[in-house]
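A short worksheet on the structure shown next.
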Amino acid sequence: MATFGDKIYEFGGVPIGGQFSTEPNSTFFLKASGSDGKDGKKPSNAVLTLARAHLVMPADKNAVVYLVSESNSAGSTTIRIEGATQTWSKDGTHIVGVSSGGMFGSRARISGTADTADVSPLMEWSADNGSMKNIHLFYGENDAGDLGAFQVSGERNYFYNCHFAGIGNATQDATDAYSLSLTGDENMFERCVIGLDTVGRGTASNSEIQLVTGQTATRNIFKDCIILTNADAAGHQFIKSTGDLSLDRFLMFDNCNFINSGVNAGGATMTEAFDLSTTMGGTIILKDCSLFGCTEWDAGDGGDIQIVGASGIATTSGIGLEPAV
């Protein structure tokens, strides 16, 4: 089915290369220039907020909302969440960003406002069997209570080419702040970026990925991802387990790069990549992963990590080292 002309949207068509919807009238559009007084069923009738998109989309019909970037400026590309956490709870629904497709800072963008004071997380994905693609979710507000950017508590979801960026303001460098909190099971993150390196962090105990006490996140996989940070203090971590039973079975990182990119620009070399509770449960599997700007994977050597690939002696396997010459 071609996508030229506007009539096509009246008959359930979707843009080429987008998510396939199994039902007629299950394609919706979301723009910064949209209006929540509209139904979102055509680009010219795009809605303005995620809350409105979530309301009009049917569950379990593989309904798709396209977040359309309209320029390269934040004002024309950003969907704002105001006042409270945006919970995405409808199973079998999908959010697709229409932008260039780069890994960093997609112009199909979701962010908070000054009205999201003490809101954490900014967005929670509690739905099952859904997906998010080509989306940049950024949380950078001047409020120490705005701790978390994105939480995934649902199951069997797929996140592709998304950038989840928390602690986007120096004030958010607070205890237990994070970019991604993972409490759900059997989710797949592929070609995603978690974290950012434009704002220093780590003067308080925080991380890019958080595993939560008692939530037993199970069989989640990160493939071809970048976990990114800019540590102001050696005690910052890429992953932090807050306590007992925060993990079950395994958490796998396949061909992922953990990068502390501020280390040669006034930042600190991190002591360890992971701060893991000895009773967190489960195993972190690192397959062909690399670590930069950090001394070792786990200084506590609690036996919770298994490394496969990246040849070398045990203490340096997968760790980027400065060459001797």
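Position 125 of the sequence shown, counting from 1, maps to 125 under full-length UniProt numbering, and the rest follow consecutively. For each residue, glycine too, the CB sits at the ideal point set by N, CA and C. On a predicted model such as this, the values are computed, not experimentally measured, just so you know.
Around the beta carbon of P24, a 10 Å sphere encloses fewer than 16 other beta carbons of the protein chains shown; the residue is thus reported as exposed. As computed with DSSP, T87 is found in a beta bridge with E124. Spatial neighbours of G112 in its own chain (CB-CB distance under 6 Å, excluding positions within 5 residues in sequence) are listed in chain order as I81, L122, Y139, E141.
Bounds of any alpha helix (DSSP H) do not take in A46, whose DSSP letter is neither H nor E.
Residue nearest to G83 within the set I285, T49, F189, V119 is V119 (criterion: CA-CA distance). Shown here, A165 sits in a strand according to DSSP, grouped into three states. Under the DSSP assignment, R156 falls outside any beta strand (DSSP E); it carries neither an H nor an E label.
Under the DSSP assignment, H236 falls outside any beta strand (DSSP E); it carries neither an H nor an E label. Counted as a single uninterrupted DSSP element, the beta strand (DSSP E) harbouring E190 occupies residues 188-190. Ranked by Cα distance from D298, the first of C289, L291, D275, Q306 is D275. Listed in chain order, the beta strand (DSSP E) elements of length 3 or more contained wholly in the segment 211-268 are 217-223, 226-229, 237-241, 247-254, 257-260. The DSSP-derived three-state label of L137 is strand.
Looking at H163, A177, N230, D224, the one whose alpha-carbon comes closest to that of L286 is D224. Excluding sequence positions up to five before and after A127, its CB lies within less than 6 Å of the CB of W88, S89, K90, D91, G154, all in the same chain and listed in chain order. The criterion of a C-beta distance shorter than 9 Å is satisfied by R191 and Y160. By the neighbour-count definition (other C-beta atoms within 10 Å, threshold 16), T229 is a buried residue. With fewer than 16 other Cβ atoms from the protein chains shown falling within 10 Å of its own Cβ, F104 counts as exposed. Membership of L196 in any beta strand (DSSP E) is not indicated, and neither H nor E is assigned to it by DSSP. Nearest to L247 by C-alpha distance, out of A174, N206, I221, A59, is I221. A distance below 9 Å separates the beta carbons of G97 and Y66. According to the DSSP assignment, V68 belongs to the beta strand (DSSP E) that extends over 63-68. Rounded to whole angstroms, the separation of the alpha carbons of A170 and S99 is 28 Å.
The three-state secondary structure of T171, taken from DSSP, is helix. The alpha-carbon separation between G34 and A63 amounts to approximately 19 Å. With a threshold of 16 other beta carbon atoms within 10 Å, G293 meets it and is buried. With 16 or more other CB atoms across the displayed protein chains lying within 10 angstroms of its CB, A177 is buried. In the DSSP assignment, L180 falls within the unbroken beta strand (DSSP E) covering 178-182.
The continuous beta strand (DSSP E) containing C294 extends over residues 294-296. V68 sits buried, since 16 or more C-beta atoms from the chains shown fall within 10 Å of its C-beta. Non-local C-beta neighbours of T198 in its own chain, meaning closer than 8 Å and more than five positions away in sequence, comprise G168, N230, ordered along the chain.
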